[in-house]
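Heads up: the sequence shown begins at 58 in my numbering, then just goes up one per residue.
Idealized CB from N, CA, C, for every residue including glycine.
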Amino acid sequence: MPKYLFKVKLTPDGLKGLLKEGGSARRDIVGRMVEGLGGRIETMYWAFGDDDVYVTAELPGNTSAAAMSMVVSAVGGVRTSTVVLLSAEEVDEAVRQQVDYRAPGT
């Protein structure tokens with residue numbers, strides 16, 4: 058199943074909700090959401106820095122990941138950025154593919 062990294066930035070309203078509900082409650086809600094899409098959460102960490110939360114999850118595909126990101130961001134408590142993660146075997150498969158490309162100006 059494809060894996061994704063969701064980088065989450067809390068809005069002021071999202072931070073208020075986190076302060077009210079706590080991290081465990083949010084993790085449970087996110088877990089149920091991902092499971093409802095046919096996936097599972099691997100990890101969920103809160104962090105200091107540019108992003109407030111990092112979630113790694115397995116989902117059935119890109120449309121499930123996009124649906125989740127769009128719905129969660131539309132509610133307004135967070136802004137998300139999604140990264141598709143590749144396994145070493147997927148990278149191996151990619152490097153075996155022939156790509157016809159010419160750099161600009163060559």
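Given that a residue counts as buried once 16 or more other Cβ atoms are within 10 Å of its Cβ, and exposed if not, what is residue i?
i: M58; result: exposed
i: G96; result: buried
i: D109; result: buried
Can you list, in chain order, the residues of its chain with a C-beta nearer than 8 Å to that of residue i? Leave out the 5 residues immediately preceding and following it.
i: T68; result: G133, G134, V135, R136
i: E99; result: K60, T113, A114, E115
Taking the alpha-carbon positions, what's the residue i to residue j distance?
i: Y61; j: E150; result: 18 Å
i: R165; j: V152; result: There is simply no residue 165 to check, as the chain begins at 58 and stops at 163 in what is shown.
i: A82; j: S144; result: 30 Å
i: Q155; j: S121; result: 29 Å
i: L76; j: R89; result: 20 Å
i: E78; j: V148; result: 40 Å
Which residues in the same chain as residue i place their Cβ atom closer than 7 Å to its Cβ, once the five residues preceding and following it in sequence are excluded?
i: G80; result: W103
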